[in-house]
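A short worksheet on the structure shown next.
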Amino acid sequence: MILGMDTYTFVHVALSLIGIAAGIIVLFGWLADVRLPGWTALFLSTTVLTSVTGFGFPFSTLLPSHIVGIISLIVLAVALYALYGAHLSGAWR
């Protein structure tokens, strides 16, 4: 138990907090018109991992959190393709 959480929950929360912090840094870079590819990769990867690990908790029915997680993963898949697959060219910009 770490801070009253089991290890899985701790990892899920830690990934989430890292993603939030990296996202804030990326946001300030975006506002300053500065590309931060390392921070962007950290933000995207931790956000994907947070959404994926959210499905590892026990549940018996589809919850609103699962719907948000599914939508998040779809949006992240599009963002990952636009950034790394299409290199932000054409309509993906």
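Take any residue in the sequence shown, note its place counting from 1, add 214, and you have its number in our numbering.
Glycine included, C-beta positions come from ideal geometry on N, C-alpha and C.
Computed from a predicted model, the values in this text were never measured in an experiment.
Q) Is THR254 near SER230, with beta carbons less than 7 Å apart? A) Numbered from 1 along the sequence shown, position 40 holds the residue referred to as residue 254. Numbered from 1 along the sequence shown, position 16 holds the residue referred to as residue 230. No, the Cβ-Cβ distance between THR254 and SER230 is not below 7 Å.
**Q.** Stretch pair the stretch 226-246 + the stretch 262-277: three plus CB contacts closer than 8 Å
**A.** yes
Q: Quick one: residues in its chain with C-beta nearer than 7 Å to the C-beta of VAL240, no 5 flanking neighbours on either side, listed in chain order?
A: By 1-based counting over the sequence shown, the position of residue 240 is 26. For VAL240, where only same-chain residues beyond five positions count, the Cβ hits under 7 Å are LEU250, TRP253, THR254 and PHE257.
Q. So, ILE234 versus PHE224, is the Cβ gap smaller than 7 Å?
A. Locating residue 234 in the sequence shown gives position 20, where the first residue counts as 1. Locating residue 224 in the sequence shown gives position 10, where the first residue counts as 1. Not a contact, by the Cβ cut-off of 7 Å.
Q. Which one of GLY243, PRO272, ILE284 and VAL289 has the shortest CA to CA distance from TYR222?
A. In the sequence shown, residue 222 corresponds to position 8, counting from 1. For TYR222, the nearest C-alpha among the options comes from PRO272.
Q. Can you list, in chain order, the residues of its chain whose CB lies under 6 Å from that of GLY243, leaving out five sequence neighbours each side?
A. As a first step, residue 243 is located in the sequence shown; it is residue number 29 there, counting from the start. If we look at GLY243 and ignore the five residues flanking it on each side, its Cβ neighbours are LEU250.
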